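Participant: Quick note: the sequence shown uses the working numbering, first residue 1, plus one each step. Don't be surprised by glycine CBs; every beta carbon is placed ideally from N, CA and C. Being a predicted model, the structure only gives us computed values, none of them experimental.
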Amino acid sequence: MILDCLENADRYAAMHPGFAAAFQFLRTADFSNMPQGRNEIDGDRLHVMVGREPGQGREKRKLEFHQQYIDIQCVITGNDEIGWRSSARCTGLDTPYDAKREVGFYADRPESYFDLGPNEFVIFWPEDAHAPLSGRGDMLKAVVKVAVDWK
Numbered sequence: 001m002i003l004d005c006l007e008n009a010d011r012y013a014a015m016h017p018g019f020a021a022a023f024q025f026l027r028t029a030d031f032s033n034m035p036q037g038r039n040e041i042d043g044d045r046l047h048v049m050v051g052r053e054p055g056q057g058r059e060k061r062k063l064e065f066h067q068q069y070i071d072i073q074c075v076i077t078g079n080d081e082i083g084w085r086s087s088a089r090c091t092g093l094d095t096p097y098d099a100k101r102e103v104g105f106y107a108d109r110p111e112s113y114f115d116l117g118p119n120e121f122v123i124f125w126p127e128d129a130h131a132p133l134s135g136r137g138d139m140l141k142a143v144v145k146v147a148v149d150w151k
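1) Taking K62 as the reference, which of V146, W150, H130 has the closest Cα?
2) Going by DSSP, name the residue or residues bridged to H66.
3) Nearest-angstrom Cα distance between I72 and M15?
4) Sort out for me which residues DSSP pairs I76 with in a bridge.
5) Along the chain, where does the alpha helix (DSSP H) that runs through T95 open and close?
6) Have a look at L6 and R58 and give me their C-alpha separation to the nearest angstrom.
7) Roughly how many angstroms lie between the CA atoms of G104 and P126, to the nearest whole one?
8) What would DSSP say about L168, mapped onto helix, strand or coil?
9) Should D30 be listed as close to the ligand MN, given that the test is whether its C-beta is under 8 Å from any heavy atom?
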């Protein structure tokens, strides 16, 4: 997991061939007029999920995990509280991984929580179980999905 501000994003571009395009998109897109849900950037290799929803609280959020995509989550307005736990330390499966939905859920609870504010981002690799929307309050959030297998 990496947590930082968008102004520092260039230092992470070399970590994956899709990161430069993902961060450029996050810096320049007009999210205020972008439809909620999936929006294409570069086909299945790179797309963004736009969400306008309130946090649900820690007790309602489960740790999720992905296998095909890296998440770059960025709050545009509002604040998010996100839980984290290494998938290697998760011992209970709540919902098996569904390749079509590209998500599975652990029964474990996060080991730590952090706040994500406007113009901050977090990168979650497939080995990072995470529980977004764990706080309270409205937010506009962009989650850029970067294909692990970049072709």
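Facilitator: Put simply:
1) H130
2) Answer by DSSP bridge pairing: none, since H66 is not bridged.
3) 13 Å
4) I76 pairs with nothing; no bridge assigned.
5) Not the alpha helix (DSSP H): T95 falls in the beta strand (DSSP E), residues 93-98.
6) 26 Å
7) 11 Å
8) Outside the displayed range of the chain (1 to 151) lies residue 168, so it cannot be described from this structure.
9) Looking for the ligand MN in the displayed structure turns up nothing, as the structure carries no ligands at all.
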